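Chemist:
Right, dumping it as structure tokens:
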């Protein structure tokens, strides 16, 4: 997932968002979890969420987890995002 941070969001909120997203990496069913700020700023500040889940059920459990639910609306207030979910 890519989060394009709105231009008017200050750097402290971006840092806070990155910490919040990283904290979710301990949830069950996650096999890999990487949260980074893109090095390329030509399109603005973009937070990259690169995640691998054990299976589709793990992904759905993640989305419903009480620790994830408050993060999504917070990210929606500071960014626009693009999803790329697939099953191998």
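Numbering (the numbering used here), first residue to last: 802 to 889.
Just so it is clear, CB atoms sit at the ideal spot from N, CA and C, and this is done for glycine as well.
Computed from a predicted model, the values in this text were never measured in an experiment.
(1) Do residue 875 and residue 823 have their CB atoms nearer than 8 Å?
(2) Whole angstroms are fine: how far does the CA of residue 857 sit from the CA of residue 834?
(3) Might you give, ordered along the chain, the residues of its own chain that have their beta carbon closer than 7 Å to the beta carbon of residue 879, omitting 5 neighbours on each side?
(4) Roughly how many angstroms lie between the CA atoms of residue 837 and residue 828, to the nearest whole one?
(5) For residue 830 and residue 862, which I take to be in contact (beta-carbon distance under 8 Å), what is that distance rounded to the nearest angstrom?
(6) Based on the DSSP secondary-structure assignment, which residues constitute the bridge partners of residue 805?
Modeler: According to the data block:
(1) In the chain shown, the residue the question calls residue 875 occupies position 74. In the chain shown, the residue the question calls residue 823 occupies position 22. No.
(2) As a working mapping, residue 834 is identified with position 33 in the chain shown. As a working mapping, residue 857 is identified with position 56 in the chain shown. Rounded to the nearest angstrom, the two C-alpha atoms are 16 Å apart.
(3) The count along the chain shown starts at 1 and reaches residue 879 at position 78. Residues 806, 807, 810, 814 and 818 of the same chain have their beta carbon placed closer than 7 Å to that of residue 879, with the five preceding and five following residues left out of the count.
(4) Here residue 837 corresponds to residue number 36 of the chain shown, with the count starting at 1. Here residue 828 corresponds to residue number 27 of the chain shown, with the count starting at 1. Cα to Cα, the separation comes out at about 18 Å.
(5) Stepping through the chain shown from its first residue, residue 830 is reached at position 29. Stepping through the chain shown from its first residue, residue 862 is reached at position 61. Right, their Cβ atoms sit about 6 Å apart.
(6) Start at 1 with the first residue of the chain shown, and residue 805 comes out as number 4. For residue 805, the pairing in a beta bridge is given by DSSP as 847 and 881.
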